[in-house]
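Protein chains in written order, with our numbering: chain H, 924 to 1162; chain E, 6 to 179.
Inspection log for the structure reproduced underneath, given as structure tokens.
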């Protein structure tokens, strides 16, 4: 699926669209007219060399960065036109995030970390911790709820991060190099869980990775190069 | 690797005699295994029979008969089609990919697009193998892992080569 023209309505099957997005940091351009479209429930791998703009694209799609030019659409709404409080609320309620490092709060226990997004969303404490306990089970983290995050292995920490990202049942999961710090087997286990849970929850996933074996877990891939998106499917039909 | 198609590609670059063709083939693609003269002339005869090249009149001179071979439109189309279609994704494709990239650069064809298409074909195969792992037993997992790791190595080569295309083009263009 390719992006629609600027100003036109988003097709019903499309959940996320970027249209000709431009983003620079000072004099350095990061995105130079990036476009893409994702359908609901799709798992998309965003590949590309270091510095190509793939993480910037993820941050724009998630409403963390505002594009200098172009449009970001989410579920029929212009994300880039929302106010900062509106975008913050959307990120908290509709999006989940998993990054490579440093996303867990070290002062809190594993269960606290997973329950945190629910508590911030004013879910009652008892209910939040019950849900956190259920996610501990789904992520094969039984018995680790009381541990401090610093006591966890890399793979366990990423599974806790995944549980925290999914506990609010987000519409979209944004994952930036989620297995980048893990060995092959541990990374594979994390990816199996991520993909399996995303399918169960019908969560759309934007997966930034430079690892081909991780990208192979997605439904399809796009390549970001010099701030532009190369979509092999569009190339196949001569677009 | 396809010797006839590689020879056709070299003929698209410029018309050549058989011995010039062998010299260029050995220099760029022989990798220490020179092409026998017999194979060169037999291949040229087949290409001429199939309308992919035209053999000129025999030129006077000492030694073996000298004919200059010129690629036809059908031959050039075949080269273009071969370069554009991704190779079947399987481990150890390096020699085919290498030949396609170098020939594409020599001919001023879009090598980057070919590499992108090949990357996509590799990833599609890797998705199949990943699905096989999810649905299979440990023996399937081991078999799929072997393919995945080798395809991943090819992909790394594709990525690094893509980054080096500019420098590579300067080196192979004459």
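A virtual CB, placed ideally from N, CA and C, is assigned to each residue, including glycine.
Next on the checklist: Run through the DSSP bridge pairs and tell me what residue 1127 of chain H is partnered with.
Outcome noted: Here the question's residue 1127 of chain H lines up with position 204 in the first chain. Paired residue(s): H/1095.
Next on the checklist: Taking CB distances under 8 Å as the criterion, tell me whether residue 1136 of chain H reaches chain E.
Outcome noted: Here residue 1136 of chain H refers to the residue found at position 213 when the first chain is read from its first residue. Yes, residue 1136 of chain H lies at the interface with chain E (some Cβ there is under 8 Å from its Cβ).
Checklist entry - Mind pulling the chain E residues with CB within less than 8 Å of residue 1139 of chain H? => result Here residue 1139 of chain H refers to the residue found at position 216 of the first chain. The contacting residues are 128, 131, 132, 134, 135, 153.
Checklist entry - To the nearest whole angstrom, what separates the beta carbons of residue 58 of chain E and residue 52 of chain E, a pair I think is in contact under 8 Å? => result Within the second chain, residue 58 of chain E is the residue found at index 53, counting from 1. Within the second chain, residue 52 of chain E is the residue found at index 47, counting from 1. Indeed, because the Cβ distance is near 4 Å, the residues count as touching under 8 Å.
Checklist entry - Got a sec: is the Cβ-Cβ distance from residue 1144 of chain H to anything in chain E below 8 Å? => result Reading the first chain from its first residue, position 221 is the one you call residue 1144 of chain H. For residue 1144 of chain H, the nearest beta carbon of chain E is closer than 8 Å to its own beta carbon.
Checklist entry - What are the boundary residues of the beta strand (DSSP E) that residue 60 of chain E is part of? => result Counting from one through the second chain, the residue named residue 60 of chain E turns up at place 55. Element bounds for residue 60 of chain E: 58 to 60.
Next on the checklist: In this structure, how does DSSP classify residue 1019 of chain H when only helix, strand and coil are distinguished?
Outcome noted: Locating residue 1019 of chain H in the first chain gives position 96, where the first residue counts as 1. Residue state, collapsed to three classes: strand.
Item to check | For residue 22 of chain E: DSSP bridge partner residues | outcome: On the second chain, residue 22 of chain E is found 17 positions in, with the first residue counted as 1. DSSP lists E/73 as partners of residue 22 of chain E.
Checklist entry - By the criterion of Cβ-Cβ separation under 9 Å, what are the contact partners of residue 1177 of chain H in chain E? => result Any answer about residue 1177 of chain H is impossible in this case: the structure gives chain H only from 924 up to 1162.
Item to check | Exposure of residue 948 of chain H, with buried meaning 16 or more beta-carbon neighbours within 10 Å | outcome: If you number the first chain from 1, residue 948 of chain H lands on position 25. The residue in question, residue 948 of chain H, is exposed, as its Cβ has fewer than 16 Cβ neighbours within 10 Å.
Checklist entry - Can you tell me whether residue 975 of chain H is buried or exposed, with buried defined as 16 or more other CB within 10 angstroms of its CB? => result Here the question's residue 975 of chain H lines up with position 52 in the first chain. Buried.
Checklist entry - Start and end of the beta strand (DSSP E) containing residue 966 of chain H? => result Numbered from its first residue, the first chain carries residue 966 of chain H at position 43. 966 to 970 is the span of the beta strand (DSSP E), which, as asked, contains residue 966 of chain H.
Checklist entry - Three-state secondary structure (DSSP) at residue 1035 of chain H? => result Translated into the one-based positions of the first chain, residue 1035 of chain H becomes position 112. Three-state DSSP puts residue 1035 of chain H in a helix.
Next on the checklist: Please return the same chain residues whose Cβ sits closer than 7 Å to the Cβ of residue 41 of chain E, not counting the five positions on each side in sequence.
Outcome noted: Residue numbering aside, residue 41 of chain E sits at position 36 when the second chain is read from its first letter. For residue 41 of chain E, where only same-chain residues beyond five positions count, there are no Cβ hits under 7 Å.
Next on the checklist: Assuming residue 127 of chain E and residue 156 of chain E are in contact, meaning their beta carbons sit under 8 Å apart, how far apart are those beta carbons, in whole angstroms?
Outcome noted: For the purposes of this step, residue 127 of chain E is taken as residue 122 along the second chain, with counting starting at 1. For the purposes of this step, residue 156 of chain E is taken as residue 151 along the second chain, with counting starting at 1. Indeed they touch by this definition, with Cβ atoms about 5 Å apart.
Next on the checklist: Taking the straight line between their C-alpha atoms, what separation do you get for residue 1163 of chain H and residue 8 of chain E?
Outcome noted: Within the shown structure, residues of chain H are numbered from 924 to 1162, placing residue 1163 of chain H beyond reach of any answer.
Item to check | Opposing strand residues paired with residue 951 of chain H [DSSP bridges] | outcome: Translated into the one-based positions of the first chain, residue 951 of chain H becomes position 28. In DSSP, residue 951 of chain H forms a bridge with H/948.
Next on the checklist: Do residue 1034 of chain H and residue 1069 of chain H have their beta-carbon atoms positioned less than 8 Å apart in this structure?
Outcome noted: Reading the first chain from its first residue, position 146 is the one you call residue 1069 of chain H. Reading the first chain from its first residue, position 111 is the one you call residue 1034 of chain H. Their beta carbons are under 8 Å apart, which means residue 1069 of chain H touches residue 1034 of chain H by this criterion.
Item to check | First through last residue of the alpha helix (DSSP H) which encompasses residue 146 of chain E | outcome: Within the second chain, residue 146 of chain E is the residue found at index 141, counting from 1. From DSSP, the alpha helix (DSSP H) with residue 146 of chain E extends over 143 to 168.
Checklist entry - Do the CB positions of residue 1139 of chain H and residue 135 of chain E come within less than 8 Å of each other? => result In the first chain, residue 1139 of chain H corresponds to position 216, counting from 1. In the second chain, residue 135 of chain E corresponds to position 130, counting from 1. Their beta carbons are under 8 Å apart, which means residue 1139 of chain H touches residue 135 of chain E by this criterion.
Next on the checklist: Check whether the stretch 1149 to 1156 of chain H and the stretch 1114 to 1126 of chain H touch, using three or more Cβ-Cβ pairs below 8 Å as the test.
Outcome noted: no
Checklist entry - Closest Cβ-Cβ distance between residue 1162 of chain H and chain E: below 8 Å? => result By one-based count along the first chain, residue 1162 of chain H stands at place 239. Residue placement at residue 1162 of chain H is poorly supported in this model, since its pLDDT is 39, which falls under 50; the coordinates still yield a value, given next. Not one chain E Cβ lies under 8 Å of residue 1162 of chain H.
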